[in-house]
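Student: These protein sequence lines map, in sequence, to chains Y and F.
Heads up: the first sequence runs through residues 0 to 168, numbered per numbering that gives the first Met the number 0.
Heads up: the second sequence runs through residues 0 to 201, numbered per numbering that gives the first Met the number 0.
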Amino acid sequence: MKTFEEKFSAWIDGQLTGDELADFERELATRPDADAEKFAAHQLGDLLREHVATPRLANADFFNHQLMQRIAADEAQPAPAPRRAFFWTLPRMALAGAFCLLLSFAMYFVAVPKTQRQIEARQEYVAKILNAHSDDPAISATAFHDKQQNVTVLWLDGLDYIPDHQQVR
Amino acid sequence: MPLESEPVTTAVEDAELVARCQRGDTQAFNELVTKYRNKIYAMIYNMVRNEQDAWDLAQDGFLKAWKSIQRFRGDSAFYTWLYRIVMNVTIDWVRKKRAEGEAEFDETLGLKGVEPGAVTAPKGELLPHKKLEAIEIRARIDEAIAKLTPEHRAVILMREMDGMEYQEIADAIGCSIGTVMSRLFYARKKMQSLLKDVYENL
Chain Y
0 MKTFEEKFSA WIDGQLTGDE LADFERELAT RPDADAEKFA AHQLGDLLRE
50 HVATPRLANA DFFNHQLMQR IAADEAQPAP APRRAFFWTL PRMALAGAFC
100 LLLSFAMYFV AVPKTQRQIE ARQEYVAKIL NAHSDDPAIS ATAFHDKQQN
150 VTVLWLDGLD YIPDHQQVR
Chain F
0 MPLESEPVTT AVEDAELVAR CQRGDTQAFN ELVTKYRNKI YAMIYNMVRN
50 EQDAWDLAQD GFLKAWKSIQ RFRGDSAFYT WLYRIVMNVT IDWVRKKRAE
100 GEAEFDETLG LKGVEPGAVT APKGELLPHK KLEAIEIRAR IDEAIAKLTP
150 EHRAVILMRE MDGMEYQEIA DAIGCSIGTV MSRLFYARKK MQSLLKDVYE
200 NL
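In structure tokens, the structure reads:
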């Protein structure tokens, strides 16, 4: 389906034929200035052809000479080295992102305690670490935390009684 | 210069020259340049209205064609293909100049660039006052052409100056026939309004 503008150009240039031409001319009956516009368009074409004559290329042989020199210079240039592929291509970046995400999930599930049982286990684990650093296997140190009382108790076991003269009073 | 009315021998000659170009024969390309340089230069000159710019753009267009010749498959005539490359180079240049605000008509350039006998080339010897009138009309036409967008400029020059068919223009610019007709409509309207007083005084 041609627009009015398209059909108008085709009409001016004599490109409409048959039914298309008849239909368009019926459409133009409502535009009394259509013929004047067609005439003006032909006048414009005549004006351009008369006054915008085809210029000729001056020094045409030099034009070829210069062009051939440019081509020769262009051919003489070494072919550009193939670009080094950038390591971080899009698929690699996507893979790395996915890996980081998985790693952070794993660290979250492993390192962050979530249930009370896990928290207690963690406390026990901390206490055992304290035990592990004792030289004497008979000595143990255990830490307890009472959440309700908000108190931490350090329980030392297996130590000798402190002599009377060293007791802090 | 309708493209499709080129003699068959021309198309055959072009195909042979193109085949040699594709084997790296610069002499064959030189022959193609010689054959089409005037048409290409004229088309560009009418678009940019400056000899030096037209020369440079024609050089760039031919150089680009040489670099791309391996991709020419012969689906269209060589000249249509070349025309399209050169037209793209020229339209890009005009668009860039307009963006830089340099596309306004330079009256001194327009008048200086016009040789009454050579460039406007009216038939036979003109009387001095007629020569002056021709120069003035050419300057007004240049001024009007400069006010068109590069796309409208290309279409109206190809149609009115080169007598190209709609399909040939569409092939050369890389758009549909409908777009060509539509651009032609608006380009003519604008040129008519800009040159109205020129018609009236003819």
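Just so you know, even glycine gets a beta-carbon here, dropped at the ideal spot from N, CA and C.
Quick caveat, the model's predicted, so the values are computed rather than measured.
Exposed or buried, D34 (chain Y), counting other C-beta atoms within 10 Å across all chains shown (16 or more means buried)?
Tutor: exposed
Student: Count the other CB atoms within 10 Å of the CB of T89 (chain F); is the residue buried (16 or more) or exposed (fewer)?
Tutor: Answer is buried; the Cβ neighbour count reaches 16.
Student: Any idea what DSSP makes of S67 (chain F), helix, strand or coil?
Tutor: helix
Student: When you compare the region 62-69 of chain F with the region 60-71 of chain Y, are there three or more beta-carbon pairs, one atom per stretch, that lie closer than 8 Å?
Tutor: yes
Student: At a CB-CB cut-off below 7 Å, which residues of chain F make contact with F7 (chain Y)?
Tutor: F184
Student: Whose Cβ in chain F lies nearer than 9 Å to the Cβ of G17 (chain Y)?
Tutor: Per Cβ cutoff of 9 Å: no residues; G17 (chain Y) is ~17 Å from chain F at best.
Student: Looking at C-alpha atoms only, which residue of F:N87, F:R72, F:A138 and F:D59 is the closest neighbour of I168 (chain F)?
Tutor: Nearest option by C-alpha distance: F:N87.
Student: With 16 other CB atoms within 10 Å as the buried threshold, where does I144 (chain F) fall?
Tutor: buried
Student: In terms of residues, what are the limits of the alpha helix (DSSP H) holding S139 (chain Y)?
Tutor: Taken as a continuous stretch (DSSP letters only), S139 (chain Y) belongs to no alpha helix (DSSP H), being part of the beta strand (DSSP E) at S139 to D145.
Student: Just the chain Y side, please: which residues come within less than 8 Å of V93 (chain F) by C-beta, in chain order?
Tutor: Under the 8 Å cutoff, chain Y gives no residues; its nearest Cβ is about 16 Å from V93 (chain F).
Student: Who are the near neighbours of W54 (chain F) in its chain, counting only those whose CB is closer than 8 Å to its CB and skipping five residues on each side?
Tutor: Y40
Student: Applying the 10 Å Cβ sphere with the 16-neighbour rule, what's the burial state of S103 (chain Y)?
Tutor: exposed
Student: My understanding is that V197 (chain F) touches L46 (chain Y), with C-beta atoms under 8 Å, so please give their C-beta distance in whole angstroms.
Tutor: 7 Å
Student: Might you give, ordered along the chain, the residues of its own chain that have their beta carbon closer than 6 Å to the beta carbon of V93 (chain F), omitting 5 neighbours on each side?
Tutor: P149
Student: Less than 8 Å between the beta carbons of I176 (chain F) and A153 (chain F), yes or no?
Tutor: no
Student: What number of angstroms, rounded off, separates the C-alpha of T79 (chain F) from the C-alpha of Q42 (chain Y)?
Tutor: Approximately 28 Å, taken between the alpha carbons.
Student: Determine, using beta carbons only, whether K37 (chain Y) comes closer than 8 Å to chain F.
Tutor: no
Student: Helix, strand or coil: which one does DSSP assign to D73 (chain Y)?
Tutor: helix
Student: By a C-beta neighbour count over all protein chains shown, 10 Å radius and 16 as the cutoff for buried, is R91 (chain Y) buried or exposed?
Tutor: exposed
Student: Per DSSP, what kind of secondary structure is D156 (chain Y) in: helix, strand or coil?
Tutor: Here D156 (chain Y) carries a strand assignment [DSSP, helix/strand/coil].
Student: Does any residue of chain F have a CB that is nearer than 8 Å to the CB of R30 (chain Y)?
Tutor: no
Student: Does DSSP put V88 (chain F) in a helix, a strand or coil?
Tutor: Under the three-state reduction of DSSP output, V88 (chain F) falls in the helix class.
Student: By the three-class DSSP mapping on this structure, what secondary structure does T151 (chain Y) have?
Tutor: strand
Student: Which first and last residues belong to the alpha helix (DSSP H) in which T25 (chain F) is found?
Tutor: T25 to V47
Student: Of all the CB atoms in chain F, is at least one closer than 8 Å to the CB of L47 (chain Y)?
Tutor: Between L47 (chain Y) and chain F, the shortest Cβ-Cβ separation is below 8 Å.
Student: Over what stretch of residues does the alpha helix (DSSP H) that includes V111 (chain Y) continue unbroken?
Tutor: Taken as a continuous stretch (DSSP letters only), V111 (chain Y) belongs to no alpha helix (DSSP H), as it is neither H nor E.
Student: Counting along the chain, where does the alpha helix (DSSP H) carrying E19 (chain Y) start and finish?
Tutor: Note, E19 (chain Y): alpha helix (DSSP H), G17 to L27.
Student: Under three-state DSSP, which class holds I172 (chain F)?
Tutor: DSSP places I172 (chain F) in the helix class (H, G or I) of the three-state scheme.
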